[in-house]
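First up is the structure itself, then whatever we jot down about it.
Chains as they are written, first to last, in our numbering: chain A, 308 to 421; chain B, 970 to 1080.
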């Protein structure tokens, strides 16, 4: 286990198509986070899981976005009916349950919507 | 609502010069503050956090609650410090600790 992995690393899609990204956290980490980063901005929190439970969602997460972590291990983030404004880097991070647990980030998936 | 402000998008210093990257936050309670760093072609990683009060790679940061600041400092910059630095805030509630990031400062250390 060499850290958090994300697939694909790059995705180009046409407006209106659905896309799905995958995140594999560090194996013993029970918390998993999704962030979105646009050009010139810092990462923005989208949602977080503790084991398989989705405990918090940002207002940034519109109805077109859905995230799952079915077995408390890997997670998927799906965007339906993509829009050009969805173009961004999508980052996944994981951490241990302990309060203040350091978040370890993946390399991100860069989405381009044409 | 919580907010993190990094007023400088770009900062250039000469090797061996002192460095200070500014970070101000707004939150009425007791947040946790972090500095994350992203080196070229690498992923975002934690540099230091205020609760540990440690020095990492020569960097220190002191939480000043009166000024709501968490500036990152290093007395003598090195070329390998060139990177993107993000200040981040966490508001622990019900055990959650999702991060709120500033817009980042790109530090360039000139040889």
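We treat Cβ as the ideally placed atom computed from N, Cα and C, and that holds for glycine.
Bear in mind that the values here come from a model prediction, so they are computed numbers and not experimental data.
Check	Outcome
Sheet register partners of residue 1043(B) (DSSP bridge)	988(B)
Pairwise C-alpha distance: residue 1067(B) and residue 1042(B)	25 Å
Spatially closest choice to residue 1004(B) from 1044(B), 992(B), 996(B), 1011(B), by CA coordinates	992(B)
Contact under 8 Å by Cβ, residue 355(A) with residue 339(A)	yes
Closest by C-alpha distance to residue 1012(B), when choosing among 1058(B), 1052(B), 1034(B), 1076(B)	1052(B)
Residue 357(A), DSSP secondary structure in three states	strand
As assigned by DSSP and simplified to three states, the class of residue 1001(B)	strand
Cβ-heavy atom distance, residue 988(B) to the ligand FAD, below 7 Å	Here there are no bound small molecules, and the ligand FAD is not part of this structure.
Residue nearest to residue 365(A) in terms of C-alpha spacing, selected from 379(A), 321(A), 342(A)	342(A)
Span of the beta strand (DSSP E), counted from its first residue to its last, around residue 1014(B)	1014-1018
Cβ-Cβ separation, residue 394(A) to residue 333(A) (assumed contact under 8 Å), whole Å	Actually they are not in contact, since the Cβ atoms of residue 333(A) and residue 394(A) sit about 28 Å apart, beyond 8 Å.
Selection from 1024(B), 1040(B), 1075(B), 1034(B) that minimises the alpha carbon distance to residue 1000(B)	1034(B)
Chain A residues whose Cβ lies nearer than 7 Å to that of residue 1012(B)	412, 413, 414
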